[in-house]
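For the sequence shown, the positions run 7 to 225 when the working numbering is used. In this text, a Cβ means the ideal position worked out from N, Cα and C, and glycines have one as well. Note that the structure is a prediction, hence the values are computed from the model and not measured. Have a look at the structure below, then the notes.
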Amino acid sequence: MTELVIRNQDILDQLEYVRSTVMDADIEQYNIIVASPKDAQTNGESYLTKERLEKHMADPNHKGFPIEHYSIPVERTIDKDPKLKEIFNFSRINFISNLGANSSAVFLYYPKGGFVGWHTNQNNSGYQFIFSYSEKGDGYFQYYDKQKQEIIKCPDVSGWNARYYHFGKDEPDHCWHSAYTNVPRITICVLFRWWDKPHLKDQVLAMKDQLIEEIETEI
7 MTELVIRNQD
17 ILDQLEYVRS
27 TVMDADIEQY
37 NIIVASPKDA
47 QTNGESYLTK
57 ERLEKHMADP
67 NHKGFPIEHY
77 SIPVERTIDK
87 DPKLKEIFNF
97 SRINFISNLG
107 ANSSAVFLYY
117 PKGGFVGWHT
127 NQNNSGYQFI
137 FSYSEKGDGY
147 FQYYDKQKQE
157 IIKCPDVSGW
167 NARYYHFGKD
177 EPDHCWHSAY
187 TNVPRITICV
197 LFRWWDKPHL
207 KDQVLAMKDQ
217 LIEEIETEI
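Dropping the structure here:
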């Protein structure tokens, strides 16, 4: 997992558009919660332990999706507010195109206590760029480092955080990860994938490298 420093003002402006639109919409008022299991809203961190990770890693039927989670998918709110529909469409079309990616992954709002449990994304493999906004930096992203055989916790900072990693389809390339927040948090992800278009792999990887440079270049 690689942490990135966002220095590119154009990218920051696009992310600010996402943040201001979602936060100003008071998205929690619509009470459109996606949570599992029943105590996910009150007991989230209990699903982010090493014991829970080991349980999922031992499950041969894991497909890549998170089993435990508590969040609000922005797409489920677009019929409530035209500005939310506008920002959702922006995330699916303009943002992807502007960054040179070829697929969207997730666009989620996490209320206080929101989380996503351990999963691998093996169902949609590729290089995923994870942009997360934390209102006060009181949260974290974590992943399992296979070489060190330990969980690496990456604390959020106030504002936008950026990370990327190759989430592979095959077991040796699985990256188990999860996240939790004590404050409102937005996560928007773009994906550079080629499993469905293998003839474009070199082009996709070149675009991925270009985005890394762009993110950390001050302009």
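Distance, Cα to Cα, residue i vs residue j?
| i | j | result |
| --- | --- | --- |
| ASN227 | ARG199 | In the structure as shown, the chain begins at 7 and stops at 225. Residue 227 is therefore absent and cannot be evaluated. |
| PHE101 | ILE218 | 15 Å |
| GLY145 | ILE136 | 15 Å |
| GLU156 | GLN148 | 10 Å |
| GLU224 | SER103 | 20 Å |
| ASP202 | HIS68 | 21 Å |
Write down the C-beta distance between residue i and residue j rounded to the nearest angstrom, noting that I regard them as a contact closer than 8 Å.
| i | j | result |
| --- | --- | --- |
| LEU197 | ALA64 | Incorrect: roughly 27 Å between the Cβ atoms, too far for contact. |
| THR83 | ILE33 | 6 Å |
| GLU74 | PRO43 | 7 Å |
| ASN167 | SER131 | Between SER131 and ASN167 the Cβ distance is about 22 Å, and since that is not below 8 Å, they are no contact. |
Assign residue i to buried or exposed, taking buried as 16 or more other Cβ atoms, counted over all protein chains shown, within 10 Å of its Cβ.
| i | result |
| --- | --- |
| ARG13 | exposed |
| HIS205 | exposed |
| ASN37 | exposed |
| ILE99 | exposed |
What are the boundary residues of the beta strand (DSSP E) that includes residue i?
| i | result |
| --- | --- |
| LYS159 | 156-161 |
| ARG169 | 165-173 |
Mind checking whether residue i and residue j have CB atoms under 8 Å apart?
| i | j | result |
| --- | --- | --- |
| TYR171 | THR8 | yes |
| TYR116 | SER164 | no |
| PHE71 | GLU81 | no |
| PHE121 | ALA185 | yes |
| VAL24 | GLU222 | no |
| ALA31 | LEU90 | yes |
Please list the terminal residues of the continuous alpha helix (DSSP H) segment that includes residue i.
| i | result |
| --- | --- |
| ILE221 | 207-221 |
| GLU51 | Segment: none, GLU51 is in no alpha helix (DSSP H) and carries neither H nor E. |
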